[in-house]
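In our numbering, the protein residues as written are 1 to 326.
Ideal Cβ positions, reconstructed from N, Cα and C, are used throughout, including at glycine.
Predicted model, so just to flag it, every value in this text is computed and none were measured.
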Ligand code: HEC
Ligand code: HEC
């Protein structure tokens, strides 16, 4: 009897040890992150200096992925070393600090929530598809081959960043904060004044940005014009652009230290998105009309509001009419 109890006890100990062993191995490239399981904590990604280039067999690939996100133009831009398939912007121009900054379009919830169904394409999207969405829209370029070293590297980096986030969980601070809607429409004329006062010195009189001395990459990326994101990109919805600006611009601020009011953020977003930029075929987007976001500026719609109101607001009447029709 005693022997049996001892045996069971030993087996339990072995199982626990094995579990802990594998659990620790999985997290062996440990780094300082906030406790993502805490509800109110805001996720911040690990620094690229913590990429385990020596201990993890994927280390070099992850490091290359980081490079591609931070300095995309050097590899894929008009003067890139791998191919010339983007507008010259870097992923990091929008996914700030290489996708680690709270409310700076970070990648904290990507590995945990993809593949997922997305209304824009009406299909289940993998991380590869989502990366290529940004290639074709935000970078106004061509999709990467899924089997290419570049795509594998970007994937490895995004997985490494989000590997500690429990599957299915969306961490606080990932993506963009959507600001409260204004009661009136956003005003591009006012937005122009905000732009001249707060943005023009970096992004330029014509929104064209400033290239660095090598002319391969931007010091200040374009916000409109032919080298900017196209009209099928996420930032072409003013709610996303306004939320991004409020928490991140002028460059250097963060969500604890915003300098623009909500009103000014909406107005400057309205101004920027009323300026010329490349267009893309959008006829296959949002196959279910009622799933179009309220600030998606291209009809047809499942309601009777105009494209102008869908672009600039006011959005409250659209929301209440949708609620009534549900
Ligand atoms: C012009 C700005 C911009 C650039 C440049 C850009 N993106 Fe994005 N990206 C966005 C926006 C906006 C979203 C949508 C965020 C949302 O809907 O909340 C997004 C979403 C994503 C997502 C999904 C995020 C999530 O949490 O669901 C991934 C992955 C992504 N981008 C990868 C990339 C990669 C890789 C590059 C460079 C090849 C890139 N993006 C370049 C603006 C940009
Ligand atoms: C001090 C210079 C500076 C100022 C002022 C500034 N920005 Fe930026 N902005 C940047 C830089 C640099 C980036 C890219 C960040 C990176 O790559 O890390 C950026 C990125 C952006 C982006 C995303 C990338 C793109 O080009 O589409 C938008 C949109 C943007 N800024 C809008 C604004 C707005 C609106 C203002 C004024 C409220 C503003 N910025 C003020 C330097 C500035």
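Using a 10 angstroms sphere on the CB of residue 214, the tally of other CB atoms stays under 16, which defines it as exposed. In this structure, the C-beta of residue 135 stays at least 6 Å away from each heavy atom of ligand 2. Note: residue 72 is not bridge-paired with any residue in the DSSP secondary-structure output.
If the five residues before and after residue 232 are omitted, its C-beta is found closer than 6 Å to the C-beta atoms of 137, 280, 282, all from its own chain and listed in chain order.
Relative to the non-hydrogen atoms of ligand 1, the Cβ of residue 130 comes within a distance shorter than 6 Å of at least one. Beta-bridge pairing by DSSP links residue 274 to no other residue. Its chain contains 170, 171, 174 as the residues whose beta carbon lies nearer than 6 Å to that of residue 109, once the 5 sequence neighbours on both sides are disregarded; these appear in chain order. The count of Cβ pairs closer than 8 Å, one atom from the stretch 115–122 and one from the stretch 213–230, stays below three, leaving the stretches out of contact. Bounds of the beta strand (DSSP E) holding residue 123 are 123–125. In this structure, residue 163 has its beta carbon at no less than 6 Å from each heavy atom of ligand 1.
Each residue's CA atom was taken as its position, placing residue 86 and residue 153 some 17 Å apart. When secondary structure is reduced to three states using DSSP, residue 167 falls in the coil class, being assigned neither helix nor strand. Collapsing the DSSP output to three states places residue 176 in coil. Around the beta carbon of residue 72, a 10 Å sphere encloses 16 or more other beta carbons of the protein chains shown; the residue is thus reported as buried.
Exclusion of the five residues before and after residue 117 leaves 123, 124, 125 as the residues of its chain whose Cβ lies within less than 8 Å of its Cβ. In the same chain as residue 208, and ignoring 5 residues on each side of it, the C-beta atoms closer than 6 Å to its own belong to 222, 225, in chain order. Taking the Cβ of residue 202 as the reference point, every heavy atom of ligand 1 lies at 6 Å or farther away. Distance from residue 268 to residue 294 at the Cβ level is roughly 20 Å; contact not present, criterion being Cβ atoms closer than 8 Å. Note that the C-beta distance between residue 195 and residue 271 is below 7 Å.
The beta carbons of residue 314 and residue 185 sit about 5 Å from each other, so the pair counts as a contact at 8 Å.
As for any alpha helix (DSSP H) of minimum length 4 sitting wholly inside the stretch 252–303, the runs are 262–272, ordered along the chain. When the Cα atoms are used, residue 111 and residue 230 turn out to be separated by approximately 26 Å.
As computed with DSSP, residue 117 is found in a beta bridge with 124.
The beta carbon of residue 212 is closer than 8 Å to those of 218, 219 in its chain, skipping five residues each way along the sequence.
A straight-line Cα-Cα distance of about 10 Å links residue 146 and residue 131. The criterion of a C-beta distance shorter than 7 Å is satisfied by residue 102 and residue 44.
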